[in-house]
Structures are given as C-alpha cells and as structure tokens.
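To keep things clear, I will list the structure first and then write my remarks on it.
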Amino acid sequence: MPTILRILGFRFFFFSNEGSEPPHLHVENAEAYAKFWISPVELASSYQLNAKELNELRKLVQEHKSLFEQKWHEYFS
4 MPTILRILGF
14 RFFFFSNEGS
24 EPPHLHVENA
34 EAYAKFWISP
44 VELASSYQLN
54 AKELNELRKL
64 VQEHKSLFEQ
74 KWHEYFS
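To convert a position in the sequence shown, counted from 1, into the numbering used here, add 3.
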C-alpha cells in the first residue's frame, strides 16, 4: 500500500494490486475514506466525508495530479 502524500491529516495512497484499473488513488483520515480517479480528477466513491471535505480533497488531488500520475506509472510499470 504505497503512501504518496500526507497532508491536512489525510493519507493519499493506492493498493499494490490495482494496476489493472485506470489510475486512481485512495484517501483516508481516521474512519473517513474516498477514492478518486486521477485523469480526469473525479470522485469514484466516499464514506463519511461531507461536501466541504470532498471539495477540498478534489482540489488537493487536482493540485498534486502530476505527482499522483507519476507515482502510479512508476509503481505499475
């Protein structure tokens, strides 16, 4: 489970067995969770996150999109 980034109490990561899916990442904080597709940035699913938190996470994914794509391709190549 490679962790790519930790920011604002959230951990951005992907599972090592998900290379067959399009690039995406998981985000968690305590009991809250979300999954975002990376390109284009789009929410795939979420649990116990409100709209404000999801908007902030979407902005962070967009802001760090290049890093997430790079790490995804490095890991699954």
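Think of the CB as a built atom: it goes at the ideal place given N, C-alpha and C, for glycine as much as any other residue.
All values reported here derive from a predicted model rather than from experimental measurement.
query                                                                                                                                                                   : result
Find the nearest neighbour of residue 62 within the set 46, 6 and 76, judged by alpha-carbon distance.                                                                  : 46
Can you tell me where the alpha helix (DSSP H) holding residue 69 begins and where it ends?                                                                             : 68-79
Could you tell me if residue 11 is buried or exposed, where buried requires 16 or more neighbouring beta carbons within 10 angstroms of its beta carbon?                : exposed
Just checking my contact of residue 30 with residue 17 at CB under 8 Å: how many whole Å lie between their CB atoms?                                                    : That belief does not hold up - the Cβ atoms of residue 30 and residue 17 are roughly 10 Å apart, past 8 Å.
Since I believe residue 71 is in contact with residue 22 (beta carbons under 8 Å), could you give me their beta-carbon distance rounded to a whole number of angstroms? : About 14 Å separates the two Cβ atoms, so there is no contact after all.
Based on DSSP bridge pairs, tell me the residues matched to residue 10.                                                                                                 : 13
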